[in-house]
Amino acid sequence: MLRTKQKRTEQAADLRLQSQIGEEERFGDLMRRMARENKTAVISFFVIILMVLAAALAPLLTPYEENGMDLLHRLSAPSTEHLLGTDEGGRDVLTRLLFGARVSLLIGVVPALLSLILGAVLGAIAGYRGGIADAVIMRIADVMLAFPSMLLAMVIMYALGGGILNVFLTLTLVNWANVARVVRAQTLKLRSSEFVEAAQIIGVSRNRIMRRHILPNCLPTLLVLFTLNIPASILTESSLSFLGLGIQPPNASWGLMINTGRQYLYNTPWLCFAPGAAIMLTMLAFNFLGNGLLDVLDPRMQKQ
Amino acid sequence: MSEYLLEARELTKEFPAAGKKTVHAVSGVSLQIRKGETLGLVGESGCGKSTLGRLLIRTLQPTSGEVLFRGQSVTRMKDSEFKPLRKEMQLVFQDPYASLDPRMTVRDLVAEPIETWKLYGSREEVTERVRELLRAVGVPEEFLHRYPHQFSGGQRQRIGIARAIAANPSFIVCDEPVSALDVSVQNQILNLLKELKETRDLTYLFISHDLSVVRYLADRVCVMFLGKICEIGPTEEVYEHPRHPYTRFLLDAVPVPDPAARGKQIHLLKGEAPSPADPPSGCRFRTRCPYATERCAEEEPALQEEDGVRAACHCAGKW
Ligand code: SF4
């Protein structure tokens, strides 16, 4: 189960085309096969759905308000009234956690999506056009990849300042290069495939070939990259917020909650443990789902 | 207007290969195709048939020589000048699995050429035209929204043919269109191609390694060996009186049902086929030719015409 992100990205890049195994699956079949072969992935899938629902329905699930201060009950221990206790402002930790899930999930999904789109388009252009476009795009990507991503994120956040939009922007800038590299590799494979030659003979323009043939056939890979990028983004944001560079108070994000809870770690450890556990659960769920998808989409795995 | 629909003049295509070698895929091939005829192109795999087919429709540019379409040199045209001619020349692929995008429905696959060339305006008109084409190639219209993997090889090939004819081309290269299919389906596809040729005024270059298939379809046949034409002429004449030893060899390799007839079969070729990266001097066939003489090693035989058949052999028909 434990594969490094690097290794899984490479495996995703190597996903053989569905056409080559002469089989194309609908989403339903895919889930069914995954249910058969990889229970953890399916459980993870439902955990994620539950989490999304909890985040979306947060105001209905809790009687407290996100920033409802109650200075009489500061730092109280978990009780039936406050299942996970209260923080230094007397705010209900469970409520903060639910609202924080909105921010953290958003931070997982939005930059993952944006970097996916940016990386896919640039990677496809680099792979399909070749030449100068390829050289320019890939050199920029190489430079981005050469930096440790955390360091890069810190530098950009420091330059831009905090706030959720800047977090989106930063995480997108940090993640697109990897996607571009993978999509470029796939595009090179697709470019020499027979159905692309067929489209060329028909007279389909290069842009249209890219949109209609190359990108859709990169979808399985993109799906896997998406599930792998989400936990990475959440973790990076948590670290940024922990360092005071990410989401700014009074908004709640899990990283920020750990940051503020840190001061009271000795007496009221739940302030850190609750958001820490939430981050861990989310990361594991997305990672397991990503692994499951990778296994199901990889024909080499199917034969085993 | 030229008398020929398509003409190749001294077409040569070389590919760079490992170790600074060049593969001479096609070497100085000249041939003519009349409007409405089917020219069969036979030879072993690797003899440059597919390369020649792709040179003729300008999906490959020749190293030297030129292709004339309706008397105009398409080789010298700029891309923008060639563009309107692109839809005139189409290709039917050998492998109906690899040549259809697995993520597109039949409707979108067949509509692609129509939309590319904006032959019809509205979506409904395009779909109606797709239905017509599916009827024409014998794919049930109900399958409009299915994906390629839901079809058999034969039906996929029909879809491939529908795509090829969708923009009303005048010339189609069929690159081994039935060799990936079950024998039982082969005949259906061949008949379909024959029928479409009549109803749609098409001209074919029919590439195959299967001589019986070519005999069934082709008006004239061209035999290639290692990038060169050995023999070209009317199908019956070539099959009945082969003038080139290689043609003879290919014909003998076809299984003969009648054991008595086998007595007449001559030579089976010995030795490795020479590599196109390093063709022999003189006649390229000489290392495998039982009739090779010294002259064959020194002098390359030119195509010589006799009774409407042109053959490239120093002792054509006299062996
Ligand atoms: S030219 Fe010579 S070697 Fe070539 S086919 Fe004729 S007889 Fe054989």
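If you read the sequences in order, they're chains A and B.
Note that my numbering gives residue 284 to position 284 of the first sequence, counting from 1, and the numbers run on in steps of one.
Count along the second sequence from 1, add 1000, and you get the number used in my numbering.
Every residue, glycine too, gets a C-beta built ideally from N, C-alpha and C.
Note that the structure is a prediction, hence the values are computed from the model and not measured.
Which residues does DSSP list as the beta-bridge partners of residue i?
i	result
B:S1208	B:V1042
A:T62	Paired residues: none, contrary to the question.
B:V1203	With the sequence shown as reference, residue 1203 of chain B is identified as Thr, and Val is not the correct amino acid for it. According to DSSP, B:T1203 bridges with B:F1171.
B:I1232	B:C1222, B:R1310
B:V1023	B:F1015
B:E1007	B:Q1032, B:L1068
B:E1305	B:R1310
A:T86	A:D92
Should residue i be listed as close to the ligand SF4, given that the test is whether its C-beta is under 8 angstroms from any heavy atom?
i	result
B:P1274	no
B:W1117	no
B:H1314	yes
B:A1292	yes
B:C1289	yes
B:C1283	yes
B:R1286	yes
B:H1241	no
B:P1279	no
B:H1209	no
B:R1310	no
B:C1296	yes
B:Y1204	no
B:Y1097	no
B:H1145	no
B:Y1120	no
B:H1149	no
How close, in whole Å, do the beta carbons of residue i and residue j come, if the pair is a contact with beta carbons under 8 angstroms?
i	j	result
B:L1211	B:L1250	6 angstroms
B:S1170	B:L1202	7 angstroms
A:V182	A:G123	7 angstroms
B:Q1094	B:D1219	Actually they are not in contact, since the Cβ atoms of B:Q1094 and B:D1219 sit about 22 angstroms apart, beyond 8 angstroms.
B:H1209	B:S1179	7 angstroms
B:V1223	B:T1235	About 11 angstroms; that fails the 8 angstroms criterion.
B:P1276	B:G1227	6 angstroms
A:S241	A:M150	In fact, because the Cβ distance is near 13 angstroms, the residues do not count as touching under 8 angstroms.
Taking just the CA atoms, how far does residue j sit from residue i?
i	j	result
B:C1296	B:H1241	22 angstroms
B:K1118	A:A180	33 angstroms
B:A1273	A:R206	39 angstroms
A:R191	A:A198	11 angstroms
A:S19	A:T221	Here A:S19 scores only 39 on pLDDT, less than 50, and its place in the model should not be relied on; the value that follows carries that caveat. If you take the alpha carbons of A:S19 and A:T221, they lie about 14 angstroms apart.
A:L50	A:M31	17 angstroms
A:R36	A:L297	14 angstroms
A:I21	A:D295	Per-residue confidence for A:I21 stands at a pLDDT of 39, beneath the threshold of 50, marking its modelled position as unreliable; no derived number is given.
A:P111	A:G255	17 angstroms
A:V167	B:L1091	51 angstroms
A:L114	A:C272	30 angstroms
B:L1181	B:A1316	36 angstroms
B:N1187	B:V1139	16 angstroms
B:L1193	B:S1064	32 angstroms
A:A55	A:L152	29 angstroms
B:L1052	A:Q11	38 angstroms
B:A1111	B:K1087	14 angstroms
B:V1023	B:M1089	26 angstroms
A:I117	A:P275	30 angstroms
A:L235	A:M283	8 angstroms
A:I214	A:Y128	9 angstroms
A:A285	B:F1015	51 angstroms
B:I1114	B:A1166	6 angstroms
B:Q1150	B:I1161	17 angstroms
A:E237	A:R102	13 angstroms
A:M138	A:L171	19 angstroms
Specify, as a first and last residue, the run of the beta strand (DSSP E) that residue i falls within.
i	result
B:L1068	1064-1069
B:Q1090	1089-1092
Going by DSSP, what residue range makes up the alpha helix (DSSP H) through residue i?
i	result
B:Q1157	1153-1165
A:G123	93-129
A:T170	164-191
B:V1076	Residue identity differs from the one stated: residue 1076 of chain B is Arg in this sequence, not Val. Unbroken run through B:R1076: none, as it is neither H nor E.
A:V204	Run containing A:V204: none; DSSP gives neither H nor E here.
A:S241	215-242
B:K1118	Per DSSP, B:K1118 belongs to no alpha helix (DSSP H) and is neither H nor E.
B:V1254	No alpha helix (DSSP H) holds B:V1254; DSSP gives it neither H nor E.
B:I1057	First-last for B:I1057: undefined, no H or E at that position.
A:A274	270-297
A:M154	149-160
A:N259	254-261
A:M51	39-56
B:E969	Not covered by the structure: residue 969 of chain B. The range shown for chain B is 1001 to 1319.
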